[in-house]
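**Student:**
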Amino acid sequence: MFLMAGCTLQSLIDGGTKITMHCAHCSYIQVLDLELLRNRYGPEASAMPTDLLPKMRCRNCEGRTIGLSYAPDLTSIVDMGRSNAGNDHA
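Residue numbers for the sequence shown follow the numbering used here, beginning at 155 and rising by one.
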């Protein structure tokens with residue numbers, strides 16, 4: 155999955171994407187609770203870093219020098235290209 159303009163919190167939840175926050179100041183790392191964010195900001199809230207970062211701070215040091223990493227659910231693409239498995243033609 156490529157992060158596209160217009161991605162919402164709900165679309166990331168539906169796609170199984172995880173967002174990890176990392177603090178540049180204290181090196182704290184946390185996987186974000188997307189359901190909690192959706193409940194707070196609404197399902198159609200933007201999931202783009204430029205929209206999420208101003209709303210966040212590090213839980214450990216309260217710093218705002220943080221980054222976000224987006225990781226798709228890889229189990230949904232593991233079998234990509236195998237739709238004809240067992241039907242190999244020589």
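Idealized CB from N, CA, C, for every residue including glycine.
Remember, predicted model here, so these are calculated numbers, not experimental data.
1) If I measure Cβ to Cβ from H176 and keep anything under 6 Å in the same chain, skipping five residues before and after, which residues do I get?
2) Leaving out five residues before and five after L166 in sequence, what residues of the same chain have Cβ atoms less than 8 Å from its Cβ?
3) Helix, strand or coil for L186 per DSSP?
4) Determine the burial state of A244: buried for a count of at least 16 other Cβ atoms within 10 Å of its Cβ, exposed for fewer.
5) Which of the three DSSP states is assigned to G169 in this structure?
6) Please report how far the alpha carbon of L186 lies from the alpha carbon of C161, in whole angstroms.
7) Output needed for L206: all residues of its chain with C-beta closer than 7 Å, excluding positions within five of it in sequence on either side, in chain order.
8) May I ask you to report which of helix, strand or coil DSSP gives T162?
**Tutor:** For this structure:
1) Taking the sequence shown and counting its residues from 1, the one referred to as residue 176 is at position 22. Excluding positions up to five away in sequence, the list reads I183 and G221.
2) On the sequence shown, residue 166 is found 12 positions in, with the first residue counted as 1. These residues qualify, in order along the chain: I173, L188, A201 and Y224.
3) Stepping through the sequence shown from its first residue, residue 186 is reached at position 32. Correct three-state label for L186: coil.
4) The residue given as residue 244 occupies position 90 in the sequence shown. Caution is warranted here: a pLDDT of 47 is assigned to A244, below 50, making its placement in the model unreliable, and no coordinate value can be reported.
5) On the sequence shown, residue 169 is found 15 positions in, with the first residue counted as 1. Three-state result, G169: helix.
6) As a first step, residue 186 must be located in the sequence shown, where it is residue number 32. As a first step, residue 161 must be located in the sequence shown, where it is residue number 7. Looking at the backbone, the Cα of L186 and that of C161 are separated by about 16 Å.
7) Here residue 206 corresponds to residue number 52 of the sequence shown, with the count starting at 1. Counting only Cβ-Cβ distances below 7 Å, and skipping sequence neighbours, we find L222.
8) Position 8 of the sequence shown, counted from the first residue, corresponds to residue 162. Shown here, T162 sits in a strand according to DSSP, grouped into three states.
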